[in-house]
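J.: For the sequence shown, this note's numbering gives the first residue as 1, with consecutive numbering after it.
Even for Gly, the Cβ is constructed at its ideal location relative to N, Cα and C.
Please read through the structure below; I'll follow up with questions.
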Amino acid sequence: MRLQTAHKLPPIIMDPLPGGSATPADGLNSDTPAAAMSRWAFTFSQQYQHLLDKSTPYVLYRWITFLFIAFVYVLRVYLIQGFYVVTYALGIYILNLLIGFLSPQVDPEFSDGPTLPTRGSDEFRPFVRRLPEFKFWYSITKAFSIAFVLTFFSIFDVPVFWPILVFYWIILCMLTLRRQILHMIKYKYVPFSVGKQRYDRKSAPSADNERLPS
1 MRLQTAHKLP PIIMDPLPGG SATPADGLNS DTPAAAMSRW AFTFSQQYQH LLDKSTPYVL
61 YRWITFLFIA FVYVLRVYLI QGFYVVTYAL GIYILNLLIG FLSPQVDPEF SDGPTLPTRG
121 SDEFRPFVRR LPEFKFWYSI TKAFSIAFVL TFFSIFDVPV FWPILVFYWI ILCMLTLRRQ
181 ILHMIKYKYV PFSVGKQRYD RKSAPSADNE RLPS
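Shown next, in the form of structure tokens:
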């Protein structure tokens, strides 16, 4: 019997399209405006995050930038005499951020684990905030920037008697800070850590520093 051999067809090799894509559909999708906008947004987010990471150690310059943005916003609100509702909402948001900045990451009232040291003989543990300093700065700076942009839209300029808003905000601020201060006094912690505790060498000399008898 004569065996019939099947003829193998030569493999079809597709030329890669510009952009490194081997399929025509992918090549078409990569040229769409949506894909180009997505690539641009991804590149911009990477560069923006890189700038934020580089600005982390420059605490003083970051807060100077915030003070400048806050001054520009306050000056604009003062000159146009409006947007008091936006300012009130901004004040409530800042108060919320401030409470997170002054609060410990683990609330000792609801924690069963290790808490903050209350005596001098306790082990030193630095104060860890619920809202870190960088996130606090970033959030408050972004809030002032958004509020500044909103002042260019008249729809947000709601007519209101602004002294009432100021009075409400002051009362709310006093009640909130009073509760936070009582919490600090009750659990004996200070929301600021100056560094690792140091001991006086004269009061507690080590055995290695003592001279051996000659």
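(1) By a C-beta neighbour count over all protein chains shown, 10 Å radius and 16 as the cutoff for buried, is Trp137 buried or exposed?
(2) Just to confirm, are Leu150 and Leu97 a CB contact at a threshold of 8 Å?
(3) Taking the alpha carbon of Ile155 as the point to measure from, which residue in Phe144, Gln49, Val86 has its own alpha carbon closest?
(4) What first and last residue would you give for the alpha helix (DSSP H) that runs through Tyr58?
(5) Give me the Cα-Cα distance between Leu177 and Tyr168, rounded to the nearest whole angstrom.
(6) Could you check what DSSP says for Pro104 in three-state terms: helix, strand or coil?
(7) For chain B, find out if any of its Cβ atoms is closer than 8 Å to the Cβ of Pro159; answer yes or no.
(8) Do Ala147 and Tyr88 have their C-beta atoms closer together than 8 Å?
(9) If you measure between the beta carbons of Arg62 and Phe101, is that distance less than 8 Å?
T.: Once the coordinates are examined:
(1) buried
(2) no
(3) Val86
(4) That residue, Tyr58, is in no alpha helix (DSSP H); it is neither H nor E in DSSP.
(5) 14 Å
(6) strand
(7) The displayed structure is made up of one protein chain only, and chain B is not part of it.
(8) no
(9) no
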